[in-house]
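>
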């Protein structure tokens, strides 16, 4: 980016500065640490100069926004044209409860829905299953059948909103239910917009809500990708997720590398179905965490975009620039929130959200300050949404595209993140790909080690957490109101489900479930049959049970 | 002569939630402190946890839960421990358990509840000080 002679001159000046000016300063005011590192372990220099980005080629490595390699952003005008989607993850209690929260969020200026399901739903159990005891509607909304999804979206026109669903193993089932509600509302399938998380690979080493073994899990993910490529042109069939990898303890660098590798695996599995890369790659979407180290996060987002573009172009020979787009949703980091002095979490969330915006995200969820204590209350959710709105409307950071582009530090860090992520990708290739790496416990061990290291650093006060290991206060009163789920939610939900099971056409349900069993054994794409099954009000648990019989259940590989 | 037996700890994840970062960090810290640690893995029913405690002859059980289902699951675990005669086993818990639930949980016989941000050293010290005396 700079002329050789200029860089040489700067180098000489730096050496002079280090010899003559710097020592006096350090003598009078020694640096706080012998070395400074970010969460990923990258050594941070005292000061960055053009020397650090002398290899950077503007057109090759940065380019213009909306053009390859997309480092500066996917859209030519970014937030000057359209703000990111403010999408708040919500769901608790019954479908009625969550329907109310959805309508509230839409009325407060939210622009997209995002559904949190309870654990039984996520694990493919109906609300009346013994494993569901005490969990119904507690961490998300309880969904057992199409009937619940009809209530969930009651009065919400599906052609006017986009909906994200955080669901993985049962993603084909929930998507089928959404399609069924759309059909009932008379919305053409081509107009249904939204996202199913449907990223089963990361379940095995990050979120760990696995139902089936790795291979059938990837098969189900691919079924949805293939079906959407053919029938739901506006749906994002998968949200390839680094968020959970990070929350499980990975560093920013591991999050970046492992997420992109999962993306590679899904591209490969879909190509094996005979689709062309440009038929589906433009609908792949990504989901990252935003943590506390501000510049590390910004560099991560920028590096992710550039690296994905290069992988799609060079590894998979995509031709359509849209296939090289990494569209991302970002969520501020839940594991950085503290139960101690919870109002401080508003500040953490603000810094994290700002990093996501400066990193060029398409969509953002901001956590509520009370989430280390309970599910967020309405007031806490409002503050979280307002945080985004203040960044969007008051801070001025939206006035220009990629404001940090060209920063010596940010560009050097972006490059280093990209290079180190490539080393990981090479390593996973050598291990035989994502499934092989899971079976060998590679990701699990990497993440467990990072999580443990982080905890040690906190305990040794190498890492300061305000209000936790420094600036703590004794005998804290819990100042905030907690949201509790009434145990009667479980009773009502179970009663509604059992009534449905009595009143539906049970012969038809049985026939369709047998048909599904057959289709699963034949390795057909299961989407059409599952849509048929949910429309006959076969339940989530019944459908999952059929698949459990055919695919078996995953036995956790325990890595401490 | 009696050789000194290592403290045996079962770290268990009842319920459906999959947040195992805390459980694993605690398991590793207790192991590094010289204890014998058995980790159940995710999604264990109360019956499975108590059965493992019995089979593994543990002195201590640490329960980790972040889903909010502790109010349904902890009473069941404590009841089963009594049924199986494991009343000597010391039980502690961690995760997201609201302060106002703590007295009720302690009444069940759970010795201590550790919230988010607890240093592992505090947990190690607690286990050492509250080790049940084996007959």
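Chains as they are written, first to last, in my numbering: chain V, 73 to 632; chain U, -18 to 116.
A virtual CB, placed ideally from N, CA and C, is assigned to each residue, including glycine.
This one's a predicted model, so the numbers in the text were calculated from it and none came from an experiment.
For the segment 426 to 453 of chain V, enumerate the residues whose C-beta is nearer than 7 angstroms to any C-beta of chain U, in chain order.
444, 445, 446
> May I ask you to report which of helix, strand or coil DSSP gives residue 28 of chain V?
Any question about residue 28 of chain V goes unanswered here, given that chain V covers just 73 to 632.
> Report the start-end ranges of each alpha helix (DSSP H) in the segment 504 to 583 of chain V that is 4 residues or longer and not cut off at the edges.
Counting whole runs of 4 or more residues, the segment 504 to 583 of chain V contains the alpha helix (DSSP H) stretches 506 to 511, 514 to 531, 560 to 575.
> Closest to residue 187 of chain V by CA distance: which of V:154, V:161, V:168 is it?
V:161
> Counting only beta-carbon separations shorter than 8 angstroms, does residue 52 of chain U have a partner in chain V?
yes
> Mind listing, in chain order, the continuous beta strand (DSSP E) runs of no fewer than 3 residues lying wholly within the segment 348 to 386 of chain V?
357 to 362, all fully within the segment 348 to 386 of chain V.
> Below 7 angstroms on C-beta distance, what does residue 412 of chain V contact in chain U?
98
> In chain V, what lies closer than 9 angstroms to residue 102 of chain U by C-beta?
531
> Using a cut-off of 7 angstroms between C-beta atoms, extract the partners of residue 48 of chain U located in chain A.
Of the protein chains in this structure, namely V and U, none is chain A.
> Starting from residue 154 of chain V and walking both ways along the beta strand (DSSP E), at which residues does that stretch end?
Looking at the DSSP string, residue 154 of chain V is not in any beta strand (DSSP E), and its letter there is neither H nor E.
> What is the residue span of the alpha helix (DSSP H) that residue 112 of chain V lies within?
Note, residue 112 of chain V: premise wrong, no alpha helix (DSSP H); not H, not E.
> Where do the ends of the beta strand (DSSP E) carrying residue 457 of chain V lie?
Per DSSP, residue 457 of chain V belongs to no beta strand (DSSP E); it is in the alpha helix (DSSP H), 450 to 465.
> Have a look at residue 38 of chain U and residue -12 of chain U and give me their C-alpha separation to the nearest angstrom.
Approximately 10 angstroms between the Cα atoms of the pair.
> Give me the Cα-Cα distance between residue 478 of chain V and residue 472 of chain V, rounded to the nearest whole angstrom.
13 angstroms
> Under the rule that 16 or more other beta-carbon atoms within 10 Å means buried, what is residue 96 of chain V, buried or exposed?
Result: exposed.
> How far does the alpha helix (DSSP H) with residue -8 of chain U in it reach, from first residue to last?
Per DSSP, residue -8 of chain U lies in no alpha helix (DSSP H) segment; the continuous beta strand (DSSP E) that holds it begins and ends at -11 to -7.
> Of all the options V:615, V:268, V:134, which has the alpha carbon lying nearest to the alpha carbon of residue 311 of chain V?
V:268
> What residues in its chain sit with their C-beta under 8 angstroms from that of residue -18 of chain U, if we drop five residues either side in the sequence?
In this prediction, residue -18 of chain U has a pLDDT of 48, which is less than 50 and means its spatial position is unreliable; what the coordinates show is noted afterwards. Hits under 8 angstroms: none found.
> Identify whether residue 90 of chain U lies in helix, strand or coil by the three-state DSSP scheme.
coil
> Please classify residue -14 of chain U as buried or exposed, where buried requires at least 16 neighbouring CB atoms within 10 angstroms.
exposed
> Looking at chain U, which residues of the segment 505 to 536 of chain V have a Cβ within less than 8 angstroms of any of its Cβ atoms?
Cβ contacts with chain U: 520, 523, 524, 527, 530, 531.
> Express the C-alpha separation of residue 82 of chain V and residue 276 of chain V in angstroms, rounding to a whole number.
49 angstroms
> In the DSSP output, what is residue 26 of chain U paired with across the bridge?
Answer is none; residue 26 of chain U lacks a bridge partner.
> Given a cut-off of 8 angstroms on the beta-carbon distance, is the pair residue 280 of chain V and residue 23 of chain U in contact?
yes
> Beta carbon of residue 294 of chain V, beta carbon of residue 355 of chain V: below 8 angstroms?
no
> Taking the beta strand (DSSP E) that residue 19 of chain U belongs to, which residues open and close that run?
17 to 20
> Measure the C-alpha to C-alpha separation of residue 79 of chain V and residue 480 of chain V and round it to an integer number of angstroms.
In this structure, the CA atom of residue 79 of chain V is about 13 angstroms from the CA atom of residue 480 of chain V.
> How far does the beta strand (DSSP E) with residue 55 of chain U in it reach, from first residue to last?
It is not in any beta strand (DSSP E) - residue 55 of chain U instead sits in the alpha helix (DSSP H) that spans 51 to 64.
> Would you kindly report the start and end of the unbroken alpha helix (DSSP H) that includes residue 342 of chain V?
324 to 343
> Is there a C-beta anywhere in chain U that falls below 8 angstroms from the one on residue 155 of chain V?
Not flagged as an interface residue toward chain U: residue 155 of chain V, since no C-beta distance is shorter than 8 angstroms.
> Can you list the residues of chain U that residue 327 of chain V reaches, using a CB-CB cut of under 9 angstroms?
Within chain U, no residue comes near residue 327 of chain V; the closest Cβ sits about 14 angstroms away, beyond 9 angstroms.
> Could you compute how far the alpha carbon of residue 116 of chain U sits from the alpha carbon of residue 64 of chain U?
With a pLDDT of 40 at residue 116 of chain U, under the threshold of 50, the modelled position of this residue cannot be trusted; read the value that follows with caution. Answer to the nearest angstrom: the Cα atoms are 19 angstroms apart.
> Looking at C-alpha atoms only, which residue of V:349, V:555, V:388, V:137 is the closest neighbour of residue 449 of chain V?
V:555
> Residue 599 of chain V CB to nearest chain U CB: under 8 angstroms?
no
> Relative to the alpha-carbon of residue 173 of chain V, which residue among V:563, V:483, V:454, V:578 has its alpha-carbon at the smallest distance?
V:454
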